[in-house]
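Asker: For the sequence shown, position 95 (counting from the first letter as 1) is numbered 95 according to the working numbering, and the numbering increases by one without interruption. Could you have a look at this structure, given as structure tokens, before my questions?
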Amino acid sequence: MDKFVGPMAVAHFFKEFVPEAPSTRPKDTHVFSEDIALHREEFIDAIHDSGVCPKLLLKDTTKGVGTNGRIMNPGISVFSRSRLGAGDDWRATEFWIENKRLEEDFIILRADDPLEAEEDFPGHVKYHEGFRPLYSRMFDFASTLHRLQFRIFSFSIALFGDTGRLFRWDRSGVVYTQPFEWKKQPETLFEFFWRFNHLSPAERGHDPTVLPATADEINRALPKL
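Right under this line is the structure:
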């Protein structure tokens, strides 16, 4: 996961990676408050109350520790309600949200940024020591999810200040969208949650070729271990 590809228009990202839901999204009735970025619980409540993801459960995991003992600290982790018995660690995570109190999403250069230069900033990421902890965290989260699940790809959301972006990760790198103002124009977030809520496991990135071993397969494998 060493290449950033983008920025891709949000509409194109949806068309390519997040199929439309079979029904119309509920009307957006919740307005995000100006300081909601500072309060994860308020953001979580707003998403739950919007009705756009009844099959999903958002949790603040900044200080959480998964049931298998692995530290799990994205700002927000998203789980499937149908798999709540699987625990709340990386093995059960559908996708994660990283939110920071930043003035801009400085981890990724804008296309019109006068500082952008391929030799200095390959892949559109500002490779500067001051930014390294932030994008290292994002790589670590994506890598951990893929190590602990049978995944072909996965999604994440980044909310940096007023700016939001959608991400799609696989083992070759990550595709990211153009920025959008998620508080003033929450339709993009609501639409992503609504579509994701209706995706099949394969459409969410789970590998459909991996199946539980049968009793016969287990009996034949155990003597070899």
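Each residue gets a CB set at the ideal place from its N, CA and C atoms; glycine is no exception. These numbers were taken from a predicted model, which means no experiment stands behind them.
Is the separation between the beta-carbon of F167 and that of C53 shorter than 9 angstroms?
Answerer: Within the sequence shown, the letter at position 167 stands for residue 167. Within the sequence shown, the letter at position 53 stands for residue 53. In this structure, C53 does not lie closer than 9 angstroms to F167 by Cβ.
Asker: If you draw a straight line from the C-alpha of F191 to the C-alpha of G51, how long is it?
Answerer: Locating residue 191 in the sequence shown gives position 191, where the first residue counts as 1. Locating residue 51 in the sequence shown gives position 51, where the first residue counts as 1. In the sequence as presented, Phe is not what sits at residue 191; that position holds Glu. Cα-Cα distance, rounded: 11 angstroms.
Asker: Got a sec, what are the start and stop residues for the alpha helix (DSSP H) N219 sits in?
Answerer: The residue given as residue 219 occupies position 219 in the sequence shown. Its alpha helix (DSSP H) spans residues 215-221.
Asker: With distance defined between alpha-carbon atoms, name the residue in S136, L222, V175 nearest to E226.
Answerer: In the structure as shown, the chain begins at 1 and stops at 225. Residue 226 is therefore absent and cannot be evaluated.
Asker: Between the Cα of W90 and those of K100, R101, V78, N99, spot the shortest distance and give me the residue it belongs to.
Answerer: Reading the sequence shown from its first residue, position 90 is the one you call residue 90. Per the Cα distances, V78.
Asker: For D207, which option in F160, E41, L148 has the closest C-alpha, if you only look at C-alpha atoms?
Answerer: Residue mapping note: residue 207 aligns to position 207 of the sequence shown, counting from 1. The option with the nearest alpha carbon to D207 is L148.
Asker: Name the residue from K59, A215, K100 whose alpha carbon lies nearest to the alpha carbon of G161.
Answerer: Numbered from its first residue, the sequence shown carries residue 161 at position 161. Comparing Cα-Cα distances from G161 to each of K59, A215, K100, the minimum goes to K100.
Asker: Which residue wins for smallest C-alpha separation from Y135, given the options A158, K27, L225?
Answerer: Taking the sequence shown and counting its residues from 1, the one referred to as residue 135 is at position 135. Checking every option, the nearest Cα to that of Y135 belongs to A158.
Asker: Can you give me the C-alpha to C-alpha distance between E203 and T188, rounded to a whole angstrom?
Answerer: Working through the sequence shown from its first residue, we reach residue 203 at position 203. Working through the sequence shown from its first residue, we reach residue 188 at position 188. Using only the alpha carbons, I get a separation of about 19 angstroms.
Asker: Taking only three categories from DSSP, how would you classify L247?
Answerer: Missing from the structure shown is residue 247; the chain here goes from 1 to 225 and no further.
Asker: Which whole-angstrom value is the C-beta distance of S154 and G205, which I expect to be below 8 angstroms?
Answerer: Here residue 154 corresponds to residue number 154 of the sequence shown, with the count starting at 1. Here residue 205 corresponds to residue number 205 of the sequence shown, with the count starting at 1. S154 to G205, Cβ: 5 angstroms. Contact.
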